[in-house]
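Chains as they are written, first to last, in my numbering: chain E, 1 to 231; chain D, 1001 to 1243.
A quick write-up on the structure given underneath.
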């Protein structure tokens, strides 16, 4: 027999997971290169209720905004920038706020170096750097290297590592170069979540949570009435 | 034996089953491709008479209700636009085919994903099947385009076609999957990429059903009280027991 009390409780837990995901999205509504969280609701096997235990990332393209910075890069289409963090591990990101570090290497806002690395010569100012749509980096007519866009077979298997970085895992597969993405210099890809949609979703999640807490109360009332049979 | 007591108690049990089913529906009010359940009640007595005698239902004899049938309401749910490349919604009566460890199952939840081998999978990790029961390899890189007939194109090349089937006697088994006998692909079913079919649960209706059911449950309990009162009075006026 399905148990309504636990069904309602499981439903509330699932909505809670959605609320948590939405608040994370809202906090990152202005984070460049951010990809919205998507929770996957499903009903439970062998018992009543619902779960939202799998969270994936939205794959929609974010809007491109002009930043005017020479090392601001946006990807139009599929793919990720590949970087290497200080601990030597590879990470992927769509947040294109790059800058030169003290040695002239192009790094992310958090200091992770592009992989393969690209180093600006000492006499070159970032404003002299030209980055072509295919990723080739030039300064004063000299080629400095090429930014390679990569992708993994299963982006949902990537693990968020903070600062807009994602780590490849066994579940995501190894990163490999990908075609189809175009690099735009002087642009940034904004967060692919937007406030109106988030607020509507938030309202919906809240109402669903409320509704299920009503169902929980109903179940409690049923038991109270049953207990009242014998006065 | 006081028959009325048991009739009223059966009424309470039936409403409890209905409440549990509504709570389960409400818990899944955000589950894509979920289908609401409908509980049908009939009376014990009607069934017994129908089975043993003429095969027809004899009305008016009522020994209390029981929930005889819970079935899924397969009505088309509303389509929500998500713009996600791996979301598909079915418009019409068809189902997607999914390979699970216990055999081929069917779903209308088109929130799909790709695994490390590049196969199209459901959120529970089961491969989605194409024509002839083959898994669909969509690989990485450019996002697949899914046509309204279910044909998947990746980077200009056809990668397969979603096996959309009609389903006889669908039985809900959890994970938004159904078991049943697949039939020929339904003609009228259209695949919409970038959409999800919202849950078939109507919260307003569920809320009303829940209140109606609660009051029916309460009424049955009152009947038990009333019968108990009557019995008590009878015993009291009889003398010796009540002393």
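All C-beta atoms in this analysis are idealised placements derived from N, C-alpha and C, irrespective of residue type, glycine included.
If you're wondering where the values come from, they're calculated on a predicted model, not measured in any experiment.
Point to revise | Per DSSP, the bridge partner or partners of residue 131 of chain E | key: E/137
Practice item. Mind listing the chain D neighbours of residue 153 of chain E? Cutoff is C-beta to C-beta under 8 Å, in chain order. Key: 1114, 1115, 1116, 1117, 1118, 1139, 1140
Check your understanding: Are at least three pairs of beta-carbons, each pair with one atom in the segment 1025-1044 of chain D and one in the segment 1189-1202 of chain D, less than 8 Å apart?
Key -> Touching, yes, given that three or more Cβ pairs across the two stretches are closer than 8 Å.
Practice item. Examine chain D for any beta-carbon lying closer than 8 Å to the beta-carbon of residue 211 of chain E, and answer yes or no. Key: So, interface residue.
Exercise for review: With DSSP as the reference, label residue 157 of chain E as helix, strand or coil.
Suggested key: helix
Review point. If you pair each beta-carbon of the segment 172-186 of chain E with each one of the segment 71-81 of chain E, do three or more pairs fall below 8 Å?
Key: yes
Check your understanding: Among D/1223, D/1138, D/1178, which has the Cα closest to the Cα of residue 152 of chain E?
Key -> D/1138
Check your understanding: If you measure beta-carbon to beta-carbon, which residues of the segment 1191-1203 of chain D are closer than 7 Å to chain B?
Key -> Structure shown: chain B not included; protein chains present are E and D.
Check your understanding: What does residue 1165 of chain D pair with, by DSSP beta-bridge criteria?
Key -> According to DSSP, residue 1165 of chain D bridges with D/1095.
Point to revise | Anticipated Cβ contact below 8 Å, residue 31 of chain E with residue 181 of chain E, distance rounded | key: Actually they do not touch by this definition, with Cβ atoms about 20 Å apart.
Practice item. Indicate whether at least one CB of chain D lies closer than 8 Å to the CB of residue 226 of chain E. Key: yes
Practice item. Can you tell me the Cβ-Cβ gap for residue 82 of chain E and residue 190 of chain E, rounded? I've got them flagged as a contact below 8 Å. Key: Actually they are not in contact, since the Cβ atoms of residue 82 of chain E and residue 190 of chain E sit about 21 Å apart, beyond 8 Å.
**Study point:** residue 1220 of chain D and residue 1008 of chain D closer than 8 Å at C-beta
**Key:** yes
**Study point:** chain D within 8 Å of residue 35 of chain E, Cβ atoms only
**Key:** no
Exercise for review: Would you mind giving the Cβ-Cβ distance between residue 1244 of chain D and residue 1154 of chain D, rounded to the nearest angstrom? I have them listed as a contact below 8 Å.
Suggested key: In the structure as shown, chain D starts at 1001 and stops at 1243, and residue 1244 of chain D therefore has no counterpart that could be examined.
Practice item. Give the C-beta separation of residue 1161 of chain D and residue 1130 of chain D to the nearest angstrom, bearing in mind that I take them to be a contact with Cβ-Cβ under 8 Å. Key: 6 Å
Practice item. Please work out which residues of its chain come closer than 8 Å, Cβ to Cβ, to residue 1015 of chain D, disregarding the five sequence neighbours upstream and downstream, and give them in chain order. Key: 1213, 1214, 1216, 1217, 1220
Practice item. Leaving aside the five residues before and after residue 146 of chain E along the sequence, list all residues of the same chain whose C-beta is less than 6 Å from its C-beta, in chain order. Key: 135, 136
Review point. Would you call the segment 195-208 of chain E and the segment 81-99 of chain E in contact, with 3 or more CB pairs under 8 Å?
Key: no
Check your understanding: On the premise that residue 11 of chain E lies in contact with residue 1116 of chain D, defined as a C-beta separation below 8 Å, what is that separation, rounded to the nearest angstrom?
Key -> With 8 Å as the limit, residue 1116 of chain D and residue 11 of chain E do not qualify as a contact, their Cβ atoms being about 31 Å apart.
**Study point:** Pick from E/50, E/202, E/59, E/138 that is closest to residue 36 of chain E, judged by C-alpha positions
**Key:** E/59
Check your understanding: In chain D, which residues lie less than 7 Å from residue 218 of chain E when you measure between Cβ atoms?
Key -> 1019, 1210, 1214
Exercise for review: May I have a chain-ordered list of the beta strand (DSSP E) segments no shorter than 3 residues that lie completely inside the segment 148-195 of chain E?
Suggested key: The segment 148-195 of chain E is shown to contain whole beta strand (DSSP E) runs of 3 or more residues at 149-151, 159-162, 165-167, 182-185, 187-189, in chain order.
**Study point:** Distance, residue 1173 of chain D Cα to residue 48 of chain E Cα
**Key:** 11 Å
Point to revise | Inter-stretch contact (C-beta, 8 Å, three-pair minimum) for the segment 1087-1102 of chain D and the segment 1120-1130 of chain D | key: yes
Exercise for review: Would you identify the three-state DSSP class for residue 1280 of chain D, choosing helix, strand or coil?
Suggested key: Absent from the model: residue 1280 of chain D. The displayed extent of chain D is 1001 to 1243, so no value can be given.
Check your understanding: Under the three-state reduction of DSSP, which class applies to residue 1065 of chain D: helix, strand or coil?
Key -> Correct three-state label for residue 1065 of chain D: strand.
Review point. Are the C-beta of residue 1217 of chain D and some C-beta of chain E separated by less than 8 Å?
Key: Cβ-Cβ to chain E under 8 Å: yes for residue 1217 of chain D.
Point to revise | Chain-ordered neighbours of residue 1123 of chain D on chain E, where CB pairs are closer than 7 Å | key: 40, 42, 54
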